[in-house]
Amino acid sequence: MLSEKPRMLILYGTQTGTTESYAKIVQTFAKIRSFDVRLARMDEVAHESLPTEPLIVFLSSTFYNGEFPDSAASLWSYLKRQDHSPNLFRHTRYAVFGLGNRTLQENFNKAAKLLDQRMSELGGFNIMPVGMGDEYDPNGHETAFRPWLKAFWTKLTGSDVKMTLPVSVQIQQSNRTVPEVNHEGYIKVPVVSNKRLTSPDYERTGCMVTFDISQTNQEYQVAGHVQVFPENPDELVVRAARRLDVDLDMVVEIQPMDDSVALPTIVTIRQLLKNYLDISSIPSRALVEGFSCLASDINEQEALESLASDMLAGNMYMKLSTSTVFSVVDVLERYPSVKISLEQFISNIPKISSRYYSIASSPLVSKDKIDIVFFVEEWATETGGRFQGLTSTYLSKKSPDVADPYVFLKIHAGLVHLPERLDTPILGVALGSGIGVFRSILQHREVLLEQGHEMTRIRLYYGMRYYEHEYLFKDELDNFTRKGLVEVIDAASRDHKKNCAVRMLDFPEKVTDYLDNNGMYLYCGLGGLIPGAMEITIGECLQANKQVSYEESLEIIANLRKQNRWEVEAYAKSVDEENALKSIILKRGGQAQGQEVPTATLYEDAKMFCYQCEQTYQGRGCTTIGVCGKTPEVAALQDLLITCLKRLSWYAYNLRQLQNEHSDKVEVSEVEFPEVNHYSLKATFSTLTNVNFDSNRFLQFHQDCRDYTKRLSVQYQAICKRLNIRPKKCPIPESISEVLDNAPGAVGDIEDMLVSKGKEVGILSRMRATKNDALVGLQEMIVYGLKGLSAYADHALVLAHEDRRIYEFLHKAFYFLTTKDSKDMDKTLACLMELGQVNLICMDVLHNANKTFGAQSPHTVSLKPRPGKCILVSGHDFMFLDSLLRQTEGLGINIYTHGEMLPAHGYPKLRQYKHLAGHYGVAWQRQSVEFPHFPGAIVMTTNCLTPPKDDYQGRLFTVGVVGWPNIPHVGDDLDYSAVIKVALDSPGFNEDTPEFEYPPSSFTPITDSYQVGFSSEAVLNVAPTVLKALETGDISRVFVIGGCDGYEGERSYYTDLAKMLPESAVVLTSGCGKFRINSLEWKTIGDSGIPRLLDMGQCNDAYSAIQIASALAEALNCTIHDLPLSIVLSWFEQKAVVVLLSLLSLGIQNIRVGPQLPAFLRPSAVKILSDKFGLKLIGDPKLDLEDMYGGMVASAV
0 MLSEKPRMLI
10 LYGTQTGTTE
20 SYAKIVQTFA
30 KIRSFDVRLA
40 RMDEVAHESL
50 PTEPLIVFLS
60 STFYNGEFPD
70 SAASLWSYLK
80 RQDHSPNLFR
90 HTRYAVFGLG
100 NRTLQENFNK
110 AAKLLDQRMS
120 ELGGFNIMPV
130 GMGDEYDPNG
140 HETAFRPWLK
150 AFWTKLTGSD
160 VKMTLPVSVQ
170 IQQSNRTVPE
180 VNHEGYIKVP
190 VVSNKRLTSP
200 DYERTGCMVT
210 FDISQTNQEY
220 QVAGHVQVFP
230 ENPDELVVRA
240 ARRLDVDLDM
250 VVEIQPMDDS
260 VALPTIVTIR
270 QLLKNYLDIS
280 SIPSRALVEG
290 FSCLASDINE
300 QEALESLASD
310 MLAGNMYMKL
320 STSTVFSVVD
330 VLERYPSVKI
340 SLEQFISNIP
350 KISSRYYSIA
360 SSPLVSKDKI
370 DIVFFVEEWA
380 TETGGRFQGL
390 TSTYLSKKSP
400 DVADPYVFLK
410 IHAGLVHLPE
420 RLDTPILGVA
430 LGSGIGVFRS
440 ILQHREVLLE
450 QGHEMTRIRL
460 YYGMRYYEHE
470 YLFKDELDNF
480 TRKGLVEVID
490 AASRDHKKNC
500 AVRMLDFPEK
510 VTDYLDNNGM
520 YLYCGLGGLI
530 PGAMEITIGE
540 CLQANKQVSY
550 EESLEIIANL
560 RKQNRWEVEA
570 YAKSVDEENA
580 LKSIILKRGG
590 QAQGQEVPTA
600 TLYEDAKMFC
610 YQCEQTYQGR
620 GCTTIGVCGK
630 TPEVAALQDL
640 LITCLKRLSW
650 YAYNLRQLQN
660 EHSDKVEVSE
670 VEFPEVNHYS
680 LKATFSTLTN
690 VNFDSNRFLQ
700 FHQDCRDYTK
710 RLSVQYQAIC
720 KRLNIRPKKC
730 PIPESISEVL
740 DNAPGAVGDI
750 EDMLVSKGKE
760 VGILSRMRAT
770 KNDALVGLQE
780 MIVYGLKGLS
790 AYADHALVLA
800 HEDRRIYEFL
810 HKAFYFLTTK
820 DSKDMDKTLA
830 CLMELGQVNL
840 ICMDVLHNAN
850 KTFGAQSPHT
860 VSLKPRPGKC
870 ILVSGHDFMF
880 LDSLLRQTEG
890 LGINIYTHGE
900 MLPAHGYPKL
910 RQYKHLAGHY
920 GVAWQRQSVE
930 FPHFPGAIVM
940 TTNCLTPPKD
950 DYQGRLFTVG
960 VVGWPNIPHV
970 GDDLDYSAVI
980 KVALDSPGFN
990 EDTPEFEYPP
1000 SSFTPITDSY
1010 QVGFSSEAVL
1020 NVAPTVLKAL
1030 ETGDISRVFV
1040 IGGCDGYEGE
1050 RSYYTDLAKM
1060 LPESAVVLTS
1070 GCGKFRINSL
1080 EWKTIGDSGI
1090 PRLLDMGQCN
1100 DAYSAIQIAS
1110 ALAEALNCTI
1120 HDLPLSIVLS
1130 WFEQKAVVVL
1140 LSLLSLGIQN
1150 IRVGPQLPAF
1160 LRPSAVKILS
1170 DKFGLKLIGD
1180 PKLDLEDMYG
1190 GMVASAV
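0 is the number of the first residue of the sequence shown in numbering that gives the first Met the number 0; add one for each residue after it.
See below:
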């Protein structure tokens, strides 16, 4: 008997259709995963039946004031009524995703939060945290939705594999009569007037359209809404039909296979494309991902995958959707190998969404006519095209003179609640077409005034761009003013340079007078940040005129909301208007103008907060999921582990202090524990970017940390007792023993409890406590520097090289962060400089450790495949590579290096292995592009692991500190037999593969080989030649260009700079940043044969650059600062941070870093480093080069 499909009910609450489109994405992929799925609007289901559902997925938007959308109101009422049913949903699992706008502050995704809270109160089991989309995010709701959906499928099914687009309909050609187009619930009314409100020569088209509802039984209210159902333009319809290769006049019969497609049964293709399917909007990333499965061309397939998945700043999806017209049709035309059937197209393209417009007339003036006011949404793209808003463009072309003047619409009551009493003072703000709402109110009041009613005059701040062009209804407003109905304070932001906020602040007493007299605030206009900016402005007026504090002004506004005296009707945001108000927006949270918004305030509801790497989201911080792939759960476990390491270090440091102060009574062996020292390195290193993503491994780290800390604590107490000294109390309380010892249930329960504790001690909690983001950022710089230090020390340790001073400082620095001294900026900077000095010791230890394989010497590395079975090794640890080379010797398996393993070819004892065949790929960030094309096993040895793709996950292994869930890990015994088996079972390279087949990088040239092996020993061996070249001018300047590489595009600066260098420049490079420049053509120094690009090795081999610079300075009898030396670093993760600290600790000035400054360094901290060390951010490469040379430079190119 076939097993039943698991049931899933998807409920959505939507006002405009956006939430429905996301709900359909969940439905689509649920069907592919064999769920028995049902999709319904929240008001379309019998609420009493919901407790019988085993799994419910809720998706809901939220309005400005925190309201549920209309279609969700009845469900919410039902849930609220169940006060005496705490176990009502005990058999129901559920998940919630919200679509909101972070600028709404406390109302951000309020509907979703309330749903989650109420379902939990009624006994439901939430399978994962609430997903909170933010329309104001550059990637829109997708930023939160995609990782939420991936996590959702992983929770339910154990994986999230890419799947093709499903088919939900059957289509057959028909000869039946086609009915007229109809939209259920909508009335069809004619446009009887279309008046342009702006002059014909003005760039923006403002319109007032009038509908005639006299032939319906409909009525409308003052300040109500109409919901308009638009049509796609004919030109786009023709293009879509051509791409689908279908006849527009063909009649088809559509038979839905389930309830996911609500379309007419008999319809023409023209009607489908024009009246029902949304072919004009930007396709969702989920749809683009589905297209990738249908592409026959491999390059198009990979491009579509990247288009769908890349969420980084400046990603291609954002570029295409903002710089060019980018509809579903445009995507299909751009990628012609996508073979999509009509059935797939109809099943997956969302339906056209309606658009709401505020009513701008009063039924007391014209009960059968409805006016709406709008600006046509149209603007130029970067490529010369024009964006056109579907509905506004559609309406602007409707008039009584056209062949079809009819429009489908619904009539709704307004969102704002107007006061019942006409003498209630109204403080109004209208931006742009928001004036329509006030026109409706004023028309209404004019009639009531003529009927003898008394009323208080409205004080209206009317914002526009240009007074001459966008002052809509000026004559009418002047008439209303003469009658005492309104006082209009116009604010033209472009020509008068005054917006509504500035106008309010001109006379703050007017604002408070209206609100003090039981008045209400009514905002109508643009959404986004602007309503919040106006709220801040009113708060300032209250503070200025009532002499209250910022907190008290917030309380006054909160009370206005509770009393329904604060009403906001906001619609689409406008970047232009927000820029005009940016000085006010900066003050969100009560800061004075120009000050920074506290990070903890901005990200109060974030699922996580991590800003330790350069790629952190939007340059601010990852708050939903790490750009690296780190989940909120792993982030919390890492934060908790760092806190536990501080506690361990407190005891380690104080034990050493006891020995230092009482060396005659306490032996070193009593306070030094090698296993604790080694653990401290590995645990700290494990939290470095792209190292370990495996929560199970972190549970073991926590167990070990608890055990080692307990051991140190017992020893500390015992020694204090023996010395008759009162032990100090550790300021960090024990927080995990109760979880590890007493947590009920399985490992998952322990993990959940540790995650919960981790969220209590994260970065945001310290920011809230100190109220000083700049100080916390410098404290975090210590932590991040320690992560880099621990990485280098661990690389050395696996080769049996160590130095006790490293462990002593590691514990000392963590201890420092538990003291009051860490709150002193100068002492924190001093600790950072000491960290840089200790890292110099560490890099020396690692340099000597790597010489286990001989001192580096110049060598040419092949970038060509060699026929045979193969294994790829990426990372940094040469010992792991050496062990693999020994175990594979004689087996016919060729070993290739990847990423920062390239310098292995510079060590004689490693390249003596004949099966060390060459190098594959470039830097770490292209793993997802390059690894699928490697026909063998892959081993990740240290950091730089990115989320594995399905097409190579089964061939991937980790070793050392690295970890990823469900990826096989090579143990401490370094038995590579499982890796070797996969290599032997894989196809390997053959004679017909002359080149590696991964897609080339568009940012660096293709080359056949790399030159490596120019360590300090190799360069200093030719020091006389270098010194002579400096004297003769063959070397005009030495550049250090290197560090970490990162995602394509934004790091082209380093390539451009290298290309502009004169032929007399010499470049020292190290780290994976070398891949930006090592494929360029480099000449030699004079006739010496020494190349002008010298690859010194891995990122830790910046040590060689320091050694070379020191030797040159000594030979030339000057300081390093006096050398013709410029350092330009690219950074990505924490090893680059500690290298930078080492350079700064040597007093090296004017270092340039990029591509952007660390997010953890706030402007005030950056200023300190800039003033003290001349630290600079990279800029224009040509101008930077001229600055480094002190004038114009003749480029080698």
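Glycine included, each C-beta is placed from N, C-alpha and C at the ideal position.
The stretch 953-965 makes no contact with the stretch 903-918: fewer than 3 CB pairs, one atom from each, lie closer than 8 angstroms. Inter-segment contact for the stretch 1117-1127 and the stretch 1138-1149 is present: three or more beta-carbon pairs are separated by less than 8 angstroms. Contact check for G132 against F96 passes: the beta carbons are separated by less than 8 angstroms.
Taken through DSSP and simplified to helix, strand or coil, E377 comes out as strand.
A straight-line Cα-Cα distance of about 45 angstroms links V221 and E288. Annotated three-state conformation of E566 is strand, per DSSP. With 16 or more other Cβ atoms from the protein chains shown falling within 10 Å of its own Cβ, V1039 counts as buried.
Between L1156 and L1176, the C-beta spacing is below 8 angstroms.
Around the Cβ of P964, a 10 Å sphere holds fewer than 16 other Cβ atoms; the residue is exposed. In this chain, the beta strand (DSSP E) harbouring T1068 covers 1064-1069. If you draw a 10 Å sphere on the C-beta of D1170, you find fewer than 16 other C-beta atoms in it, and that means exposed. No Cβ-Cβ contact shorter than 8 angstroms links L389 with P631. In the DSSP annotation of this structure, C729 is not part of any alpha helix (DSSP H), being labelled neither H nor E. Per DSSP, reduced to three states, the secondary structure at Q924 is helical. Going by DSSP, G898 is part of no beta strand (DSSP E) at all; its letter is neither H nor E.
Judged by beta-carbon spacing, Q855 lies beyond the 8 angstroms limit of S734, meaning their Cβ atoms are not closer than that value.
In the DSSP assignment, G427 falls within the beta strand (DSSP E) that extends over 425-430.
Closest in C-alpha terms to R710, from the list H932, E833, N676, comes N676. Close CB contacts of I641 within its chain, under the 7 angstroms cut and outside five residues either way in sequence, are with T686, V782 (chain order).
The three-state reading of DSSP puts G97 in strand, counting E and B together.
The beta carbon of Q836 sits closer than 7 angstroms to those of S1144, all from its chain and outside the five residues before and after it, given in chain order. Around the beta-carbon of K23, 16 or more other beta-carbon atoms lie within 10 Å, marking it buried. Apart from sequence neighbours up to five positions away, the residues of its chain that approach V860 with a beta-carbon distance below 7 angstroms are L901, H904, G917, H918, S1008, Y1009, V1011, ordered along the chain.
If you check the CB distance, I892 and G867 come in under 8 angstroms. Excluding the 5 residues flanking it on each side, S1103 has same chain C-beta neighbours closer than 6 angstroms at S1014, S1015, M1095, in chain order. In this structure, the beta-carbon distance from Q387 to M256 does not fall below 8 angstroms.
Residue range 694-722 is occupied by the alpha helix (DSSP H) that includes K720. Listed as beta-bridge partners of N125 by DSSP are Y93. Excluding residues up to 5 positions away in sequence, L739 lie with their Cβ nearer than 8 angstroms to the Cβ of Q702 in the same chain.
Counting other Cβ atoms within 10 Å of its Cβ, T13 reaches 16 or more and is therefore classed as buried. Contact between the stretch 73-87 and the stretch 120-135 is present: 3 or more CB-CB pairs across the two stretches fall below 8 angstroms.
Counting the other CB atoms within 10 Å of its CB gives D876 a total of 16 or more, which places it among the buried residues. Ranked by how close their Cα comes to the Cα of N86, the residues F124, P68, L113, D474 have F124 in first place. Residue pairing from DSSP places V190 in a beta bridge opposite F210.
Around the Cβ of D277, a 10 Å sphere holds 16 or more other Cβ atoms; the residue is buried. If you look at C540, you'll find it in the alpha helix (DSSP H) that goes 529-545.
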